[in-house]
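Residue numbers for the sequence shown follow the numbering used here, beginning at 23 and rising by one. Quick reminder that beta carbons are idealized off the backbone N, C-alpha and C, glycines included. None of these values were measured; they are calculated from a predicted model. Okay, so here's the structure we're looking at.
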Amino acid sequence: MERRALEAAFGELAEITETDRQAQQAAEIARHGDAALPVLVALLNTADPQLRGGLGQVAMQLDRRQVVTTLRGVARSHTSSDQARLTALTILDRFLQEPVDEALLTGLSDSDAVARQSLSELTHAMANDPFSVIEYLNQLAEQPPEVPGMILAALPQMPPDPHLVTLLRMFAQGADPRVARNALDQLSRTRTVEAAVALASLTVTLPPHLAPLAERGLRKLRLSGVPAPTPGAVQWHVLLSPVDGAGAQLAWFVGTPDGDSPGRLLSILIRDPEGIVACFGSTAMSDAELPPLPAPDHPYTIPQPGDTPPITFLQVPFEVGYQAVQEALAWHWDAGTVPPLEYRLLNPLIWTNGQTAGDPGATIEAVAYTPYQTAALLDHPAFTSWFWQAPALVDVAQQLGPRHDPAVRAARIAELAGAHFGPAVVASYQRRLHRMSTWLSLAAQPEAAALAAAAAEGLAGGPPETSPFLLRLIGIGLDIAFISAFSATDLQRSA
23 MERRALEAAF GELAEITETD RQAQQAAEIA RHGDAALPVL VALLNTADPQ LRGGLGQVAM
83 QLDRRQVVTT LRGVARSHTS SDQARLTALT ILDRFLQEPV DEALLTGLSD SDAVARQSLS
143 ELTHAMANDP FSVIEYLNQL AEQPPEVPGM ILAALPQMPP DPHLVTLLRM FAQGADPRVA
203 RNALDQLSRT RTVEAAVALA SLTVTLPPHL APLAERGLRK LRLSGVPAPT PGAVQWHVLL
263 SPVDGAGAQL AWFVGTPDGD SPGRLLSILI RDPEGIVACF GSTAMSDAEL PPLPAPDHPY
323 TIPQPGDTPP ITFLQVPFEV GYQAVQEALA WHWDAGTVPP LEYRLLNPLI WTNGQTAGDP
383 GATIEAVAYT PYQTAALLDH PAFTSWFWQA PALVDVAQQL GPRHDPAVRA ARIAELAGAH
443 FGPAVVASYQ RRLHRMSTWL SLAAQPEAAA LAAAAAEGLA GGPPETSPFL LRLIGIGLDI
503 AFISAFSATD LQRSA
């Protein structure tokens, strides 16, 4: 009786297209434990990607050792059909992240079939959830290094599919230059508008040694008759936060469409010197879900949940947001790192929107302020979070104690500046100050903007331990370390 109920439950699973409902049904089946496994094995001989995905969901929730052993047995068995073996291999690979070695492939009439089936599963998953390519690539990163090459070799054998163009675009932005070049070559031979859009976005977001390949591929497609991508009827606006004390700056690209089309949002968190550290976005947002667009040069705050402080935003020209992201990409290129997968998936939203990235504005000239005047910049409300944070500060605070000689404190701050503010760190603070200078200028605060530009220039004027700006930055951090290291009573007694 239980087997019949399980067969019916698996049949229902094959009909479910919503991801959440499929996961819920798979969990219900998995509660039957060992009894579910023979029914799962009996269904492996299926070419239905919907059912295969459901079988994978169930397998993930059964006893791992037992299900892996059983599926490997099916994959090795020459009495199993090729289809059943392929389904077993697909579940092992995609859902259980088990390596698929040559021994498991022996005897298959088509050794590339595993890669093709993996791609078929991906396109089916992306039809329901475009973000599933991120999970796919995360799993692929855990496979042996030759596996991406096998996937790329199988791609030309697949029917044309926009989701596979997305996969190629993601490969082109990866860390392996050989895989990236292969993906760019395949895109240049894919005569579809989707491939042209992908290459157009890659000309902007790839490093200098790869961007020309994307440009050539795009020209090749246009010469072969593929029409130029047509930008959607979306007007993009940029909301930009000030740079905080950790070097982080948040850029929101807000797409407001014409007519009844949904709104779009791409959020990119930039941190100096790492680059793009987080990204999320949506292509289907209602007007109520989109953030409000204030008048230019009027900062405004957006409350955050819980105890998280509100975020201040300023609406800035598209060119300023473009430049901020491009600078962050350059830090990745210099460090040999790649941006997060979410950015690599969503960036065509802003790079192929038809809005040109012109001059972000004139460079702000640094006025001849004294070094001590530039240190006063840290009193500005936009610099509230600017203080140095490091474990060394707590150590110094504990060594000094709540009662200490101001001269000794000043000497220790200078030592910290000399020990921790090397050329790369100083250069990072210079970039942060220049970005703040731009932000303050756009916020109609020209004096503060000039002061920030002067502070940036002043950091190049001598050793870090002689910079009033850096010394005060460290001093504020030390004050906060004192609060962490000692009770309020200790600090009051020392006053």
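Can you name the start and end residues of the alpha helix (DSSP H) that residue 435 belongs to?
The residue you call residue 435 lines up with position 413 of the sequence shown. Looking at the DSSP string, the run of the alpha helix (DSSP H) that includes residue 435 is 428 to 442.
Determine the burial state of residue 460: buried for a count of at least 16 other Cβ atoms within 10 Å of its Cβ, exposed for fewer.
Against the sequence shown, residue 460 aligns to sequence position 438. Under this definition residue 460 is a buried residue.
DSSP state of residue 199, grouped into three classes?
Looking up residue 199 in the sequence shown gives position 177. Helix, per DSSP.
Name the residue from 485, 416, 271 whose alpha carbon lies nearest to the alpha carbon of residue 439.
Indexing the sequence shown from 1 puts residue 439 at position 417. Ranking the options by Cα distance to residue 439, first place goes to 485.
Since residue 261 is in the beta strand (DSSP E), which residue starts that stretch and which ends it?
Start at 1 with the first residue of the sequence shown, and residue 261 comes out as number 239. First-last of the beta strand (DSSP E) with residue 261: 256 to 262.
Leaving aside the five residues before and after residue 89 along the sequence, list all residues of the same chain whose C-beta is less than 7 Å from its C-beta, in chain order.
Mapped onto the sequence shown, residue 89 falls at position 67. Contacts found: 59, 81.
Would you list the one or two residues that DSSP bridges to residue 304?
As a working mapping, residue 304 is identified with position 282 in the sequence shown. Note: residue 304 sits in a beta bridge opposite 287.
Cut-off 7 Å between Cβ atoms - residues of its own chain near residue 372, not counting five sequence neighbours on either side:
The sequence position of residue 372 within the sequence shown is 350, counting from 1. 258, 275, 288, listed in sequence order.
Does the segment 158 to 178 come into contact with the segment 109 to 121, if we say contact requires no fewer than three beta-carbon pairs (one atom in each stretch) closer than 8 Å?
yes
State the DSSP-derived secondary structure class of residue 156, mapped to helix, strand or coil.
Here residue 156 refers to the residue found at position 134 when the sequence shown is read from its first residue. Here residue 156 sits in helix by DSSP.
Contacting residues, own chain, Cβ-Cβ under 7 Å from residue 41 (five flanking each side not counted):
In the sequence shown, the residue the question calls residue 41 occupies position 19. Closer than 7 Å at Cβ, skipping near neighbours: 150, 151.
Taking the alpha-carbon of residue 303 as reference, which of 279, 348, 369, 244 has the nearest alpha-carbon?
Numbered from 1 along the sequence shown, position 281 holds the residue referred to as residue 303. Among 279, 348, 369, 244, the Cα nearest to that of residue 303 is on 369.
Please classify residue 23: does DSSP put it in a helix, a strand, or coil?
For the purposes of this step, residue 23 is taken as the residue at position 1 of the sequence shown. Unreliable placement is indicated for residue 23, whose pLDDT of 46 sits below 50; no coordinate value is reported for it.
Given residue 110, which residues of its chain have a CB within under 6 Å of its CB, disregarding the five upstream and five downstream residues?
Residue numbering aside, residue 110 sits at position 88 when the sequence shown is read from its first letter. Excluding positions up to five away in sequence, the list reads 66, 93, 96, 97.
Pull up the distance between the alpha-carbon of residue 503 and that of residue 286, whole angstroms please.
As a working mapping, residue 503 is identified with position 481 in the sequence shown. As a working mapping, residue 286 is identified with position 264 in the sequence shown. One C-alpha to the other measures close to 42 Å.
Cα-Cα separation, residue 46 to residue 30:
On the sequence shown, position 24 is the one that residue 46 refers to. On the sequence shown, position 8 is the one that residue 30 refers to. Using only the alpha carbons, I get a separation of about 15 Å.
Cutoff 8 Å: residue 100 Cβ touching any chain B Cβ
Here chain B cannot be found, since the structure has a single protein chain.
For residue 208 and residue 192, what's the separation of their Cα atoms in angstroms?
Translated into the one-based positions of the sequence shown, residue 208 becomes position 186. Translated into the one-based positions of the sequence shown, residue 192 becomes position 170. Cα to Cα, residue 208 sits roughly 13 Å from residue 192.
Count the other CB atoms, across all protein chains shown, that sit within 10 Å of the CB of residue 143; report buried if there are 16 or more and exposed otherwise.
By one-based count along the sequence shown, residue 143 stands at place 121. Residue 143 is buried by the Cβ-count criterion.
Does DSSP classify residue 275 as helix, strand or coil?
In the sequence shown, residue 275 corresponds to position 253, counting from 1. Residue 275 falls in the strand class under three-state DSSP.
Are there 16 or more other CB atoms within 10 angstroms of the CB of residue 489, so buried, or fewer, so exposed?
As a first step, residue 489 must be located in the sequence shown, where it is residue number 467. With 16 or more Cβ atoms within 10 Å of its Cβ, residue 489 is classed as buried.
Among the candidates 417, 356, 436, whose CA atom is the shortest distance from the CA of residue 231?
Walking along the sequence shown from the start, residue 231 turns up at place 209. The shortest C-alpha separation from residue 231 is found at 356.
Would the segment 339 to 359 count as touching the segment 266 to 274 if we require 3 or more Cβ pairs under 8 Å?
yes
What is the DSSP secondary structure of residue 171, reduced to helix, strand or coil?
By 1-based counting over the sequence shown, the position of residue 171 is 149. Note: residue 171 maps to helix in three-state DSSP.
Taking the alpha-carbon positions, what's the residue 244 to residue 203 distance?
The count along the sequence shown starts at 1 and reaches residue 244 at position 222. The count along the sequence shown starts at 1 and reaches residue 203 at position 181. Spanning the two alpha carbons is a distance of roughly 19 Å.
Would you grab the beta carbon distance between residue 497 and residue 408 for me? Rounded to a whole angstrom, and I think it's under 8 Å.
Within the sequence shown, numbered from 1, the residue matching residue 497 stands at position 475. Within the sequence shown, numbered from 1, the residue matching residue 408 stands at position 386. With a Cβ gap of about 12 Å, residue 497 and residue 408 do not count as contacting.
Buried or exposed for residue 330, going by 16 or more other Cβ atoms inside 10 Å?
Start at 1 with the first residue of the sequence shown, and residue 330 comes out as number 308. That one is exposed.
Going by DSSP, which residues form a beta bridge with residue 270?
As a working mapping, residue 270 is identified with position 248 in the sequence shown. In DSSP, residue 270 forms a bridge with 293.
Just the C-alpha distance for residue 235 and residue 220, rounded to the nearest angstrom, thanks.
Translated into positions along the sequence shown, residue 235 becomes position 213. Translated into positions along the sequence shown, residue 220 becomes position 198. Rounded to whole angstroms, residue 235 to residue 220 spans 12 Å at the Cα level.
CB-CB length for residue 367 against residue 155, believed under 8 Å:
Walking along the sequence shown from the start, residue 367 turns up at place 345. Walking along the sequence shown from the start, residue 155 turns up at place 133. With a Cβ gap of about 6 Å, residue 367 and residue 155 count as contacting.
Measuring alpha carbon to alpha carbon, tell me which residue in 181, 71, 360 is nearest residue 105.
Here residue 105 refers to the residue found at position 83 of the sequence shown. Of 181, 71, 360, the residue nearest in Cα terms is 71.
Would you check if the distance between the CB atom of residue 205 and the CB atom of residue 186 is smaller than 8 Å?
Sequence index remark: in the sequence shown, residue 205 carries index 183 (1-based). Sequence index remark: in the sequence shown, residue 186 carries index 164 (1-based). Taking 8 Å as the Cβ cut-off, residue 205 and residue 186 do not qualify as a contacting pair.
Determine the DSSP secondary structure at residue 335, reduced to helix, strand or coil.
On the sequence shown, residue 335 is found 313 positions in, with the first residue counted as 1. Residue state, collapsed to three classes: strand.
Could you spell out the range, first to last residue, of the alpha helix (DSSP H) harbouring residue 91?
Counted from its first residue, the sequence shown places residue 91 at position 69. Taken as a continuous stretch (DSSP letters only), the alpha helix (DSSP H) holding residue 91 covers 86 to 98.
On the three-pair Cβ rule with 8 Å, is the segment 422 to 432 touching the segment 292 to 303?
no
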